Amino acid sequence: MLVTATEMLKKAVEGHYAVGQFNINNLEWTKAILTTAQENNSPVILGVSEGAGKYMTGFGTVAAMVKAMMESLNITVPVALHLDHGTYEGCYKCIKAGFSSIMFDGSHFPIDENVAKTTELVHAAHNIGLSIEAEVGSIGGEEDGVVGAGEIADPAECKRIADLGVDFLAAGIGNIHGKYPANWKGLDFGALAKIKELIGDLPLVLHGGTGIPADMIKEAISLGVAKINVNTECQLYFQDATRKYIEAGKDLEGKGYDPRKLLAPGYEGIKTIVKEKMELFGSIDKA
Ligand code: 13P
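If you're matching positions, the sequence shown starts at 70 in our numbering and goes up one per residue.
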C-alpha cells in the first residue's frame, strides 16, 4: 500500500538520515527502484515529473502500475508516489489519480502568488490525506522542461511557505538539476542553516541530487535535509550499461535483441546507483 511521505520524513529528521526520491520513467525504472528498496529495507519515494507522467500515458496509468507492482512484488517497505515539480493543474490531476503525495512548484511565481496557490493546495492535499511539498527559490538547470534560475531561497520566504502547513519544503541553495558544471560553487550551507533556524524540524528537500559530493550530502543532512531527489544519475547508469551491452555486440548474439535482455543491464545499473544512494543517505534498514 502506498503511504504519504510525511511519516517517513519525520522519522528521517529524527534519525539524521535522508530518504531518496528516485524519478521513474517506465516499468523497468519502477521495478528496479521498488525491488532495491525492499532488498535494503529502505523507505523510498517514487518521483514522477509531469513530462514522465505524460510519457507513461497519464498519472492514472502510473498510479495503477505502481500499486499493482507493489502487490505482485510483495513490497512491504514504505513507498510514497509523489508528483515532482507539479503545476497547479498537475497537482489536482495527481490527487484524482491516486498519488499519495504531491509537490507544488510555485517558485517561479511572485511570493504572494506562491503563498496563495500553495495555501489552496495544502488544503486540497490534506483533505484527502496526501502529503505536500512546496518550493521557494528555484532549482537551477532544466528537468523535463522545467527551467530554473538556481536562486538561493530567501529564509523569510521559506518561513512564510513553511507556516502554511506544507509537509516538507524544497529550498534552492545553489543546487542544480542535471550534471553540475565544473565551475559550480557548491551548496550554500550558510543559507541552509538560516532556513533551518527559522523553520525548525520541518523536513527540507534537496533537489538535484545527481553529482553532489558525499561530504556535501552528509553536511546537508546534518542541517535538516531529509529528502534527496535523484533523477539524472539513474538515467546515466541506465545509458552506460545499455551502451556497453550494445557496443559489446550482445544484442546480436542469440536472442540478445529481446527487450527483456536488452534492457536488463540498464535495469541492473539503476539498482546499483539506487543502492549506493540509499547507503550514502543512510536510509538502509530504516523501513
Ligand atoms: P537530478 O536529475 O539532478 O538528480 O535532480 C533530480 C531532481 O531534483 C528531481 O526533482
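Glycine included, C-beta positions come from ideal geometry on N, C-alpha and C. Predicted model only: the values in this text are computed from it and were never measured.
**Report entry** Val117 beta carbon less than 8 Å from that of Asp174
**Finding:** no
**Report entry** According to DSSP, residues forming a beta bridge with Gly155
**Finding:** Phe173
Requested in this report: Quickly, what does DSSP pair Leu115 with across the bridge? List them, please.
Outcome: Phe91, Leu150
Query raised in the report: What is the DSSP secondary structure of Leu71, reduced to helix, strand or coil?
Result: strand
Query raised in the report: In the DSSP assignment, what are the bridge partners of Gly209?
Result: Ile245
Query raised in the report: Counting pairs of beta carbons, one from the segment 236-250 and one from the segment 294-311, are three or more of them closer than 8 Å?
Result: yes
Query raised in the report: Cβ of Ser207 within 8 Å of Cβ of Gly243?
Result: no
Query raised in the report: Going along the chain, which residues of its own chain have a beta-carbon closer than 6 Å to the beta-carbon of Thr301, five neighbours each way excluded?
Result: Gly247, Thr279
Query raised in the report: Could you check where the beta strand (DSSP E) with Asn298 kicks off and where it finishes?
Result: 294-299
Query raised in the report: Would Ile264 pass as a contact of Leu349 if the rule is Cβ separation under 8 Å?
Result: no
Query raised in the report: From the beta carbon of Thr145, is the nearest beta carbon of chain B less than 8 Å away?
Result: Absent from the structure is chain B; it holds one protein chain and no more.
Query raised in the report: Quick one: is the Cβ of Lys284 within less than 7 Å of any heavy atom of the ligand 13P?
Result: A small fix is needed here, since residue 284 is Asp in this sequence, not Lys. It does not: the Cβ of Asp284 is nowhere closer than 7 Å to a heavy atom of the ligand 13P.
Query raised in the report: Hey, Thr73 and Gly255: beta-carbon distance below 8 Å or not?
Result: no
**Report entry** Start-to-end residues for the alpha helix (DSSP H) that takes in Leu199
**Finding:** No alpha helix (DSSP H) contains Leu199, which DSSP labels as neither H nor E.
**Report entry** Other residues of its chain near Cys160: CB distance less than 6 Å, five sequence neighbours each side excluded
**Finding:** Ile171, Phe173, Leu190
Query raised in the report: Does DSSP classify Ile221 as helix, strand or coil?
Result: strand
Requested in this report: Going by CA-CA distance only, name the one from Val343, Ala310, Lys344, Thr341 that's closest to Lys330.
Outcome: Ala310
Query raised in the report: Under three-state DSSP, which class holds Phe178?
Result: coil
Requested in this report: Return the CA-CA distance between Phe128 and Ile102, expressed in angstroms with no decimal places.
Outcome: 18 Å
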